[in-house]
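Student: One structure is given below, represented as structure tokens, and several questions about it will come after.
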DNA sequence: TATCATGTAACCTACTGGATTACAGTATAC
DNA sequence: GTATACTGTAATCCAGTAGGTTACATGATA
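Residue numbers (this note's numbering), protein chains in the order written: chain Z, -19 to 83; chain S, -19 to 83.
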């Protein structure tokens, strides 16, 4: 419970962080080779690693195939981040009145 | 297991289906009022109900607030569908060679 | 020194969520 | 039967973004 509260205030980890800090080092592979194997440009990989762009469903499938993981695990990280951003960066959403409160 | 295999071949349900078939009828509410309470235009609701567009993270938060549900449950439906579409509608992704197969 | 890997910027394309406006059809109310 | 409301749909605009290409500067390394 306290963890949930804390987690909700903490910005979720961008999937690029995992790729940059864990996956690529463990593979001992350059970004260039990683991009080639994924079938995308070097820039797409670089910008993803540096959290300049979101991890798309298409990229989740690419990673899943290359790394033999479930695409879901990658996309779920991004979705969690997207939700957090919507909650925190769109203050107008707070004006929506729950139906239970107006019934 | 058999269910998983079967589920992977079946196109996941669009979140708009649930809104159209279950949520709105249960609320006994017009699309116009639903849209007003969500703070979006009538068209945004109509097109979502008819699966003409995806359910965005922003909309997931709106629905979560209005309906007192978790935004995650809505966004997860869309993510599952997005993944299924990437897997089935982008045949070039099948050309990615898993690292475990080339080691 | 020459090569490779990387970060970054500029620019382009295609797609998409959302808003607005408009029109046609179907109800329902009077 | 007429008016009002709800709905589906189309056209148009805008902003954001994933991905590509090209180019340049830098750092590391052979």
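Even for Gly, the Cβ is constructed at its ideal location relative to N, Cα and C.
Since the structure is predicted, the reported quantities are computational estimates derived from the model, not experimental observations.
Apart from the five residues on each side of it in sequence, which residues of its chain come closer than 7 angstroms, Cβ to Cβ, to residue 26/Z?
Tutor: Within the first chain, numbered from 1, the residue matching residue 26/Z stands at position 46. Around residue 26/Z: 11.
Student: Are the beta-carbon atoms of residue 55/S and residue 35/S separated by less than 9 angstroms?
Tutor: Taking the second chain and counting its residues from 1, one reaches residue 55/S at position 75. Taking the second chain and counting its residues from 1, one reaches residue 35/S at position 55. Cβ atoms of residue 55/S and residue 35/S: closer than 9 angstroms.
Student: Looking only at its own chain, which residues have a Cβ that is under 7 angstroms from the Cβ of residue 46/Z, when we skip the five neighbours before and after it?
Tutor: To locate residue 46/Z, count along the first chain from 1; it is residue 66. For residue 46/Z, where only same-chain residues beyond five positions count, the Cβ hits under 7 angstroms are 17, 18.
Student: Give every residue of the same chain whose Cβ lies closer than 7 angstroms to the Cβ of residue 81/S, excluding the five residues on either side of it in the sequence, and list them in chain order.
Tutor: Start at 1 with the first residue of the second chain, and residue 81/S comes out as number 101. Here the set comprises nothing.
Student: Could you tell me the distance, in whole angstroms, from the CA atom of residue -9/S to the CA atom of residue 9/S?
Tutor: Indexing the second chain from 1 puts residue -9/S at position 11. Indexing the second chain from 1 puts residue 9/S at position 29. When rounded, the distance between both Cα atoms is 28 angstroms.
Student: Closest Cβ-Cβ distance between residue 2/Z and chain S: below 9 angstroms?
Tutor: As a working note, residue 2/Z is residue 22 in the first chain. Chain S contact via Cβ: absent.
Student: Please name the residue, chosen from -3/Z, 14/Z, 42/Z, that lies closest to residue 66/S on a Cα-to-Cα basis.
Tutor: Stepping through the second chain from its first residue, residue 66/S is reached at position 86. Of the listed residues, the one whose Cα sits closest to residue 66/S is 42/Z.
Student: I'd like to know whether the C-beta of residue 79/S is nearer than 9 angstroms to at least one C-beta of chain Z.
Tutor: Along the second chain, read from residue 1 onward, the residue named residue 79/S stands at position 99. It does: the Cβ of residue 79/S has a partner Cβ on chain Z nearer than 9 angstroms.
Student: Assign residue -4/Z to one of three DSSP states: helix, strand, or coil.
Tutor: For this step, residue -4/Z is matched to residue 16 along the first chain. Reduced to three states, the DSSP call for residue -4/Z is helix.
Student: Unbroken alpha helix (DSSP H) runs of length 4 or more, entirely within the region 7 to 79 of chain Z: which are they?
Tutor: Complete alpha helix (DSSP H) runs here, min 4: 11 to 18, 22 to 29, 37 to 47, 51 to 69.
Student: For residue 76/S and residue 50/Z, I'd like the C-alpha separation in whole angstroms.
Tutor: Translated into the one-based positions of the second chain, residue 76/S becomes position 96. Translated into the one-based positions of the first chain, residue 50/Z becomes position 70. Near 14 angstroms, if we compare the C-alpha coordinates of residue 50/Z and residue 76/S.
Student: Taking the beta carbon of residue 38/Z as the centre, do at least 16 other beta carbons fall within 10 Å, making it buried, or is it exposed?
Tutor: Taking the first chain and counting its residues from 1, one reaches residue 38/Z at position 58. With 16 or more other Cβ atoms within 10 Å, it is buried.
Student: To the nearest angstrom, how far is the alpha carbon of residue 24/S from that of residue -11/S?
Tutor: Indexing the second chain from 1 puts residue 24/S at position 44. Indexing the second chain from 1 puts residue -11/S at position 9. Looking at the two C-alpha atoms, the distance is approximately 29 angstroms.
Student: With distances taken Cα to Cα, identify the nearest neighbour of residue 73/Z among -2/S, -5/S, 29/S, 20/S.
Tutor: By 1-based counting over the first chain, the position of residue 73/Z is 93. Nearest of -2/S, -5/S, 29/S, 20/S to residue 73/Z, Cα basis: 20/S.
Student: Please confirm whether residue 48/S has its beta-carbon closer than 9 angstroms to some beta-carbon of chain Z.
Tutor: Here residue 48/S is taken as the residue at index 68 of the second chain, counted from 1. Closer than 9 angstroms to some Cβ of chain Z, the Cβ of residue 48/S qualifies, so yes.
Student: Can you find the residues in the same chain that come closer than 8 angstroms, C-beta to C-beta, to residue 30/S, ignoring five residues on each side of it along the sequence?
Tutor: Sequence index remark: in the second chain, residue 30/S carries index 50 (1-based). Result list for residue 30/S: -4, 0, in chain order.
Student: Distance, Cα to Cα, residue 5/Z vs residue -2/Z?
Tutor: The residue you call residue 5/Z lines up with position 25 of the first chain. The residue you call residue -2/Z lines up with position 18 of the first chain. Between residue 5/Z and residue -2/Z, the C-alpha separation is close to 10 angstroms.
Student: Would you report the Cα separation of residue 13/S and residue 13/Z, rounded to the nearest angstrom?
Tutor: Start at 1 with the first residue of the second chain, and residue 13/S comes out as number 33. Start at 1 with the first residue of the first chain, and residue 13/Z comes out as number 33. Taking the straight line joining both Cα atoms gives about 53 angstroms.
Student: When the Cα atoms are used, what is the spatial distance from residue 60/Z to residue 7/Z?
Tutor: Working through the first chain from its first residue, we reach residue 60/Z at position 80. Working through the first chain from its first residue, we reach residue 7/Z at position 27. When rounded, the distance between both Cα atoms is 26 angstroms.
Student: So residue 78/Z and residue 48/S are in contact, right, with Cβ under 8 angstroms, and what is the actual spacing, rounded?
Tutor: By 1-based counting over the first chain, the position of residue 78/Z is 98. By 1-based counting over the second chain, the position of residue 48/S is 68. Rounded, the Cβ-Cβ distance is 5 angstroms, consistent with contact.
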